[in-house]
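Protein chains in written order, with the working numbering: chain U, 1 to 387; chain G, 1 to 387; chain E, 1 to 387.
One structure is given below, encoded as structure tokens.
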Amino acid sequence: MSTDALDLTNLPLFDHHCHGVLTNDVDRAEFEGLISESSRPATDGTTRFDSQVGFQVRAHCAPILGLEPFAAPDDYLARRRELGADEVNRRLLRAANIAVYGIETGHDAGRINGPADMAELGDASHCEIVRLERLAEQVAERVRDAPGASAAQLVDEIERTLDARLEHAVGVKTIAAYRIGFDFDDARPGRSAVESSAARLLETEGPLRLDDPTLIRHLIWLAIDRACVIQVHVGYGDDDVDLHRCNPLLLTRLLRASVDSGARFTLLHCYPFHREAGYLADVFPHVYFDIGLAINYTGSRSEAVIAESLELAPFGKILFSSDAFGAAELYYLGTLLFRRGLTAALARFAELDGWPLAEQQRVARMIGYENAARVYGFDPLAQNGAA
Amino acid sequence: MSTDALDLTNLPLFDHHCHGVLTNDVDRAEFEGLISESSRPATDGTTRFDSQVGFQVRAHCAPILGLEPFAAPDDYLARRRELGADEVNRRLLRAANIAVYGIETGHDAGRINGPADMAELGDASHCEIVRLERLAEQVAERVRDAPGASAAQLVDEIERTLDARLEHAVGVKTIAAYRIGFDFDDARPGRSAVESSAARLLETEGPLRLDDPTLIRHLIWLAIDRACVIQVHVGYGDDDVDLHRCNPLLLTRLLRASVDSGARFTLLHCYPFHREAGYLADVFPHVYFDIGLAINYTGSRSEAVIAESLELAPFGKILFSSDAFGAAELYYLGTLLFRRGLTAALARFAELDGWPLAEQQRVARMIGYENAARVYGFDPLAQNGAA
Amino acid sequence: MSTDALDLTNLPLFDHHCHGVLTNDVDRAEFEGLISESSRPATDGTTRFDSQVGFQVRAHCAPILGLEPFAAPDDYLARRRELGADEVNRRLLRAANIAVYGIETGHDAGRINGPADMAELGDASHCEIVRLERLAEQVAERVRDAPGASAAQLVDEIERTLDARLEHAVGVKTIAAYRIGFDFDDARPGRSAVESSAARLLETEGPLRLDDPTLIRHLIWLAIDRACVIQVHVGYGDDDVDLHRCNPLLLTRLLRASVDSGARFTLLHCYPFHREAGYLADVFPHVYFDIGLAINYTGSRSEAVIAESLELAPFGKILFSSDAFGAAELYYLGTLLFRRGLTAALARFAELDGWPLAEQQRVARMIGYENAARVYGFDPLAQNGAA
């Protein structure tokens, strides 16, 4: 800390929202699917490698795998298979240098590894976040198969299961954005309405996909009543989302209604509504946000998006996440681009307004690690005496 | 004007929308409240000083009070009390170097000083803007207490009082954004609907808070009919606002309906909808805008926001305001950051496109002073032979 | 390609959406009208020259006409008349150095020249895009005048005429943004509803202005069924548009419904929703976008807007257009600013992430020319053996 230039290479990072990685080798089509939010293959005549994130993979991950920067996509995939998924994952996750993985376990869990395996691969601590909608779907599938199951039982069992999961998990997540949008009634639904919706769910055949507004609102209010940290998918995602209905400002009334509950909301990704998220984090004491997967997917432009996230929100309300899923490249790039973009932004503030180096470092530690440790009440670095 | 580098240190500024300052000393909690738009204290574990505006106070106001830059918050507050509110106000307002204060007198007037006192403290000229909703509330409280008061009397008295105030005031302001949002019917309400709303208002007990859409629309149309300059709070504000209902584009039909009325609309703040405001200022001849309080609250990032405000809108349609309230720091920082950000933007345009220095200066004078002087019909510098 | 600095001066450009130029001389008021999207003259006390695009004309077009940069507006207009419209058009269009004009012929065609004349003036190839609403209006005006015309005949005749036009045109355009906004029902309307709307259209007297949602949706679905390239006006335009109803995200359901149709959507302009457009181009394989007229009208700031357009969207989904109409200055400035802004953005990416020069050039060619050539199936440079 005696030099003048800010260096965040070893800034401790609490990746408060990410998923596991694939442990099997992938072919080019699968890999292109992993580096895109679209549920569809690239348009004829194009490749997913010709994108900001694709160029980042070639620029920065290729050397980690022992290739020259900007290796051709096919060469990159060949090298990936040559090393094998385990070695690739290990190299990229170690390079990511993440202190804590906050693993959200509700998305496509069958394809990827679990929290403990992630932590081992990445030589890191971990904690778990429970996806509310997946929990309800799993409980409903179980209850449905029991003889004489009632809606009341389902409602009770969801609550019991949530309580059990919260004995270990540090928070919950909702994907209301994908399922119902944010233009929902903010009031806590009554028991009878919840049971009616639960009854309909039990009558559904086949794999369940929860998209009932009453039940989703009920899940959110269960979490509010438990003073949980509630991760909310906001903004940018795949083509399943109606993005205009996922503007975080549509949550304003729910946030107002829950401001004194003890619950805290961590708004994820938020692009292209990250300025709106910064406003909410400013005016509501229980709102936090990150720009999550937007960092990876804007690539060389992420420095601008990161800078835009540092406007209205107090520095104690901004978090870091990679939102990485499946490909170990996304953890590495998420941290690389975050460290770089935050460094550039803080250096610019120092240049303009003389921010002392110690203050730059303090703000970086808050955003990179300490805010999440405080919000989630999980601070392994402090427990290790290292923070 | 013989050097090549643009210097806006002494650019005359017409701060067309601001308020008074507190004349008493404040403790840390009060001061933190003044440097935030939130109605709530900072979250546990955080302070309002750890924000863009907090860092600006420490960076630039501390030296004005005789401290080192980035003095600790408690030292800053101690020094503030040591000097006393009057000296602090005088130093910071003189440093702000504002030529004209356009004081909006309808917000929390009991806590702050009045226009004439502000002008004396800042060694500046001043003019007044009347807040429509406050005027109506004050009239209604008075009429309500008179024996046999009728709704018709209230409607008439609002109009008479407005006319009386407009003999001195240069414009009006509406906070429809806070009270009803912008998704209201743009048509002029009829007399009977207005009287029905007025009757309901008279039946209300206790302090009045006008949030009746008919009456608020009526007030706006009274101002349109009088060809007033109408300041409109737009976008970012405190947690009382539903920000998604304050997008200025929602005013499009009202603007279209009033385009030939002689009234002019000055859209205030507008963040994060400042590009949308720039569009409206481009296509509607009677629309102007500023980025007001967004400059202070984005701090080191204000240069980016200022640059974004210089896109679609013709240079004759952009205004300056600090929207400062209560803390003299906000006037000083508002002018410092505006001068700096405008200088940087114009210098970049010169670098890219060869804008001559005289043209840079001319555009700066328009935005800083001349546009407001023309729109409000108030030009004390010209009257003094100094502009 | 042996130097290190990217040079896009001679990058081939496919201007996939533009119009013709005026062939007569214009006075100052007319010229000010051409360099603004507003339907109204500049506000008293201001001029359209005091704007980003006005400064661009003085900075870069004045020298093409043999004047010093930043010539006074009146001197510029005088010189323009002295040279004559034909010489001015020829100089500016040659300087624009456009390879292909994609001319949309449905806007104010009586005032401007046609595609073949444009191509001759600009020494370029050309192709045509048909405006759906104008086509329907023209057919309806013709059918209406025929004795015993029926709604069914009108519906059939629109379809026949569209098919005939598509024998030559490379795509269609819709101005649903202006006429009905994007918050329309995405379903294909039934024949009887279409005929009812057609009947109402036939009963209208005087010049027709199609603003019937059913008919406009019908036109769009006709184009989807024909697997057309469909240009969609999105975002920023004149004061006739309700901009908040032209957010491209409002098209999400229509895009979802048409994803496997073979049709492709090219979203035009998109400002200030260009990030939203980039998201759609990322997740939907049949969506493309440009930032069109926003480049000209943000002038010195266009480099920022261009950079923002290079975030989420794969590089194979971004297009170039000038959206120039009437004034030859707008073609020249559109290409100048696009080449410059793209160069700056790619150079920055190279600086940050080591993009090789060949990759910068490849991405530039895709965006400037090749994406449009592939999407529209029109590639005269390849046919000439020059691409």
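Just so you know, even glycine gets a beta-carbon here, dropped at the ideal spot from N, CA and C.
Keep in mind that this is a model prediction, so the values were computed, not measured.
Limits of the alpha helix (DSSP H) - the one that residue i falls within
i: T161 of chain G; result: A151 to L166
i: V88 of chain E; result: A85 to A96
i: E351 of chain U; result: A328 to D353
i: F55 of chain U; result: Q52 to Q56
Cα-Cα separation between residue i and residue j, rounded to whole angstroms
i: Q56 of chain G; j: R179 of chain U; result: 42 Å
i: G181 of chain E; j: C246 of chain E; result: 6 Å
i: L337 of chain E; j: Y331 of chain E; result: 10 Å
i: V53 of chain G; j: T298 of chain G; result: 7 Å
i: H233 of chain E; j: A29 of chain E; result: 26 Å
i: A358 of chain U; j: A372 of chain U; result: 20 Å
i: R79 of chain G; j: L65 of chain G; result: 7 Å
i: R134 of chain G; j: D15 of chain G; result: 21 Å
i: A344 of chain G; j: D7 of chain G; result: 10 Å
i: L398 of chain E; j: F184 of chain G; result: Only positions 1 to 387 of chain E appear in this structure, which leaves residue 398 of chain E out of reach.
i: A227 of chain E; j: E87 of chain U; result: 46 Å
i: R191 of chain E; j: S261 of chain E; result: 20 Å
i: G388 of chain E; j: S322 of chain E; result: Any answer about residue 388 of chain E is impossible in this case: the structure gives chain E only from 1 up to 387.
i: A388 of chain E; j: P41 of chain U; result: Limits of chain E in this structure are 1 at one end and 387 at the other, which puts residue 388 of chain E out of reach.
i: V100 of chain E; j: H60 of chain G; result: 54 Å
i: Q138 of chain G; j: G237 of chain G; result: 23 Å
i: A304 of chain U; j: I98 of chain U; result: 23 Å
Below-7 Å beta-carbon distance, residue i vs any chain C residue
i: F325 of chain U; result: Given the protein chain composition of this structure (U, G and E), no chain C is represented.
N- and C-terminal bounds of the beta strand (DSSP E) containing residue i
i: T266 of chain U; result: R264 to H269
i: I129 of chain G; result: S125 to R131
i: H16 of chain G; result: F14 to C18
i: H233 of chain G; result: V229 to V234
i: Y288 of chain G; result: V287 to F289
i: V172 of chain E; result: G171 to T174
i: V100 of chain E; result: V100 to E104
Assigned exposure category for residue i - 16 Cβ within 10 Å defines buried
i: A223 of chain G; result: buried
i: A364 of chain G; result: buried
i: G278 of chain U; result: buried
i: H168 of chain U; result: exposed
i: P248 of chain G; result: buried
i: R209 of chain E; result: exposed
i: G206 of chain G; result: exposed
i: E82 of chain E; result: exposed
i: Q360 of chain E; result: buried
i: Q383 of chain G; result: exposed
i: G114 of chain U; result: exposed
Cβ-heavy atom distance, residue i to the ligand GTP, below 6 Å
i: V88 of chain E; result: This structure lacks the ligand GTP, and indeed carries no ligand of any kind.
*Are the region 46–55 of chain U and the region 311–330 of chain E touching by the rule of at least three beta carbon pairs closer than 8 Å?*
yes
_Positions along the region 12–46 of chain U whose CB lies within less than 9 Å of some CB in chain E_ = S36, E37, S38, S39, R40, P41, A42, T43, D44, G45 and T46
*asked:* Does the contact criterion of 3 or more C-beta pairs under 8 Å hold for the region 69–77 of chain U versus the region 323–335 of chain U?
replied: no
*Anything in the region 337–357 of chain G with a Cβ closer than 8 Å to a Cβ of chain E? List those residues in chain order, please.*
R348, F349, L352, D353, G354, W355 and P356
_So if I threshold CB-CB distances at 7 Å, which residues from the region 241–253 of chain U count as touching chain G?_
N247, L249, L250 and T252
*If contact means a Cβ-Cβ distance below 7 Å, which residues of the region 261–278 of chain E contact chain G?*
P272
*Mind the definition here: the region 282–290 of chain U touches the region 35–44 of chain G only if three or more C-beta pairs lie below 8 Å; say whether that holds.*
yes
*Residues of the region 289–319 of chain G with a CB closer than 9 Å to any CB of chain E: list them in chain order, please.*
A304, A307, E308, L310, E311, L312, A313, P314, F315, G316 and K317
*Mind the definition here: the region 201–213 of chain E touches the region 145–160 of chain E only if three or more C-beta pairs lie below 8 Å; say whether that holds.*
yes
*Evaluate contact between the region 122–136 of chain E and the region 91–109 of chain E, counting only Cβ atoms and requiring at least three cross-stretch pairs below 8 Å.*
yes
*What residues from the region 225–240 of chain G come within 8 Å of chain U, judged by C-beta to C-beta, listed N to C?*
Y236, D238 and D239
*Contact residues within the region 65–82 of chain E, judged by C-beta distance below 9 Å to chain G*: P69 and F70
*Contact between the region 127–144 of chain G and the region 94–108 of chain G: three or more CB pairs below 8 Å?*
yes
*Interface positions of the region 369–385 of chain E facing chain U (Cβ-Cβ less than 8 Å), listed along the chain*: R374
*Selection of the region 94–126 of chain U by Cβ proximity to chain G, strictly under 7 Å*: none
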